Amino acid sequence: MSSRFEAPPLPGAPVSPGAPVDALPGTVGLASVAVGVTVTVRYFAGARAASGLSSEVVDAGTLGELLELLGRRHGEPLARVLTSASYLVNEVSCRDRAAALPAGSTVDVLPPFAGG
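Going by full-length UniProt numbering, the first residue of the sequence shown is number 1, and it counts up by one from there.
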């Protein structure tokens with residue numbers, strides 16, 4: 001019997017018998033990677049028009065990760081809006097793209113408004 005911890009392989013992953021846990025596909029560096037949390041994104045005005053949605057639920061660890069994901073998911077029209085939008089995280093203004101998003105939080109995307 002080996003003194004090394006042996007983990008069962010991930011479904012469908014080719015693994016040699018006795019492979020250490022950190023050698024399993026999909027597990028390298030997991031301890032040091034920030035795991036995304038589920039957040040609800042609410043779109044207003046031009047952001048709603050650009051995304052085609054009033055809201056959606058996504059996984060992201062930081063505000064910056066969320067904005068990158070949304071830009072990739074919805075394309076150039078929303079990506080343009082995101083560059084000038086303001087953001088509320090749980091109803092509090094947030095400008096720091098490195099800010100961690102709390103699990104279950106709501107992020108409001110507010111494009112610039114004009115009016116009077």
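Just so it is clear, CB atoms sit at the ideal spot from N, CA and C, and this is done for glycine as well.
The structure displayed is predicted, hence computed values, not measured ones.
C-alpha gap between residue i and residue j, whole angstroms
i	j	result
Leu82	Leu66	11 Å
Glu56	Arg42	7 Å
Leu53	Leu69	15 Å
Val89	Ala99	10 Å
Ser86	Thr62	15 Å
Gly64	Ala45	21 Å
Glu91	Arg80	23 Å
8 Å Cβ cutoff met for residue i and residue j
i	j	result
Val58	Ala103	no
Val39	Ser84	no
Leu78	Ala60	no
Val109	Leu101	no
Pro112	Ala47	no
Residue i - containing beta strand (DSSP E), residue span
i	result
Glu56	55-60
Leu101	Note, Leu101: premise wrong, no beta strand (DSSP E); not H, not E.
Would you check if the region 92-101 and the region 72-80 touch, i.e. whether three or more CB-CB distances between them fall below 8 Å? Taking a contact to require three or more Cβ pairs closer than 8 Å, the region 72-80 and the region 92-101 do not qualify as touching.
Which runs of the alpha helix (DSSP H) spanning at least 4 residues fall entirely within the region 48-99, listed in chain order? Segments of the alpha helix (DSSP H) lying fully in the region 48-99: 63-74, 76-84.
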